[in-house]
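>
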Amino acid sequence: MAGIIHAARTEKHMRNHFISAGVVLLVALFLKVNPLEFALLALSILFVLFAELINTAVEAVVDLVSPGYNHLAKIAKDTAAGAVLVAACGAAIMGYLILAKYILPLYGEVLAMFGAPSDIGTMVSILIVTIVVIMLKGMLGKGSPLHGGAPSGHAAIAFSIATAASLNSRDPLTSLLSVALALMVSHSRLFMRIHTMGEVVAGSCLGAGLTFIVLYVFKFLGS
């Protein structure tokens, strides 16, 4: 228990794993998955937590043996972290295979409620998002249209396209993959330290929100 508490207190990833595990288990209970599916989900979660604990232990031992930089120490830490990534990917696949049949139909019904927007509406929404981002950057005086500043233009356009793709396709899997790509684009801006978290979140909300509003207006005018 002391080791688990230490890992949760000192490792941000361990805390994230615990939060994700809690959310997934609550969703599974809410969706009333069968006992076998729940057991498989729980086993996948426990395997990820186990891998993270081993990773923490490896890091502690490596730091003890090699306080200074050492290429072999880097390999040991990178490999242990890679084990956590593999476990997390396996848990994600297991979670999708089990929960998709419960969640995707509900998500599809939500998308179907908004209908399929027009092609013109889609193009106009993306253009409006682009124009608004450039105007905001000009008003705030930070960054350029394609680099830095608030809000993040890449995140805004990525989520604008993801929102348009979701409403056009009305297919849950297509929507989720589009959103995943938008998240990857947004994360890249953080990873390269071009934008802050606030700028990326602002851009994401701006892109998704404006696109939804414009497409809804086009649908209302066309009906």
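Quick note on numbering: the numbering used here labels position 165 of the sequence shown as 957, and the sequence is numbered without any gaps. We treat Cβ as the ideally placed atom computed from N, Cα and C, and that holds for glycine.
Three or more C-beta pairs closer than 8 Å, one from the stretch 950-970 and one from the stretch 990-1003: is that the case here?
yes
> Ignore the nearest five residues each way along the sequence and tell me which others in Pro-964's own chain have a CB closer than 6 Å to its CB.
Leu-896, Tyr-899 and Gly-900, listed in sequence order.
> Could you tell me whether the Cβ atoms of Phe-839 and Ala-794 are closer together than 8 Å?
no
> Using the C-alpha atoms, what's the distance from Met-931 back to Ala-880?
42 Å
> With DSSP collapsed to three states, give me the class of Gly-882.
Helix, per DSSP.
> Starting from the Cα of Asn-809, find the closest Cα among Leu-818, Phe-983 and Ile-837 and give me that residue.
Per the sequence presented here, residue 809 reads as His, with Asn not at that position. Minimum Cα distance to His-809 is reached at Ile-837.
> Kindly provide the ranges of any alpha helix (DSSP H) runs that are 4 or more residues long and lie completely inside the stretch 794-877, ordered along the chain.
794-802, 804-823 and 827-857
> Report the option in Lys-869, Tyr-861, Val-857 and Phe-822 whose CA atom is closest to the CA atom of Ala-843.
Distances from the alpha-carbon of Ala-843 to those of Lys-869, Tyr-861, Val-857 and Phe-822 put Lys-869 closest.
> Among residues of its own chain, excluding the 5 on either side of Val-971, which ones have a beta-carbon nearer than 6 Å to its beta-carbon?
Ala-954
> If you draw a straight line from the alpha carbon of Met-886 to that of Leu-835, how long is it in whole angstroms?
10 Å
> Please classify Ala-831 as buried or exposed, where buried requires at least 16 neighbouring CB atoms within 10 angstroms.
So Ala-831 counts as exposed.
> Rounded to whole angstroms, what is the Cα-Cα separation between Val-854 and Val-816?
Each residue's alpha carbon lies about 33 Å from the other.
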